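S.K.: Take 1422 as the starting number for the sequence shown in this note's numbering and just add one per residue.
Note that CB positions come from ideal geometry on N, CA and C, so glycine has one too.
Quick caveat, the model's predicted, so the values are computed rather than measured.
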Amino acid sequence: MQPNEEMLSVFVTEMRRGAIALAVLSRLGEPGYGYQLVRDLARGGVPVEANTLYPLLRRLEEQSLRRSDWDMREGKPRKYYQRTEIGTQVYARWRDEWKQFNLSFNSLLEDGYESE
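Set out below in structure tokens:
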């Protein structure tokens, strides 16, 4: 029996939502602009559409986890994003939680795991 594709899509979307936020915070240690973030995330195996990224960036700013600055030095103004101090603290804790969570789940989901 094939899994219900619609149901699977919902589960994957839920799983990716938090993971993408963590991935974006991981890239904001240094200033970066939107297209650069999309490109870097895709290179890291986490493709993100711009229509997903920009609302997420707005939420991160509302939560005081990132800030933005305009760079007017080049011909076209470019908005750069970077983690705030609070964002760096939250990112470090979240990253550690993710690593532990990942270890636990990988152990749980290993082939051959049998529930009692």
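With three or more beta-carbon pairs closer than 8 Å as the criterion, would you say the segment 1459-1467 touches the segment 1481-1497?
M.R.: No contact exists between the segment 1459-1467 and the segment 1481-1497.
S.K.: Got a sec, what are the start and stop residues for the beta strand (DSSP E) Lys1500 sits in?
M.R.: As a first step, residue 1500 must be located in the sequence shown, where it is residue number 79. Element bounds for Lys1500: Arg1499 to Arg1504.
S.K.: Quick one, which of Lys1497, Asn1425, Val1511 and Thr1434 has its alpha-carbon nearest Pro1468's?
M.R.: In the sequence shown, the residue the question calls residue 1468 occupies position 47. The candidate whose alpha carbon is nearest that of Pro1468 is Thr1434.
S.K.: Take the Cβ of Tyr1502 as the centre, count every other Cβ of all protein chains shown within 10 Å, and call the residue buried at 16 or more, exposed below.
M.R.: Taking the first residue of the sequence shown as position 1, residue 1502 is located at position 81. Flag for Tyr1502 reads buried.
S.K.: What does a CB cutoff of less than 7 Å around Ala1511 pick up in its chain, not counting 5 residues either side in sequence?
M.R.: Walking along the sequence shown from the start, residue 1511 turns up at place 90. According to the sequence provided, residue 1511 is Val. The question's Ala does not apply to it. Once the five neighbours on either side are set aside, the close Cβ partners of Val1511 are Leu1486.
S.K.: Do Arg1504 and Leu1443 count as a contact pair if the criterion is CB distance below 8 Å?
M.R.: Along the sequence shown, read from residue 1 onward, the residue named residue 1443 stands at position 22. Along the sequence shown, read from residue 1 onward, the residue named residue 1504 stands at position 83. Their beta carbons are not under 8 Å apart, which means Leu1443 does not touch Arg1504 by this criterion.
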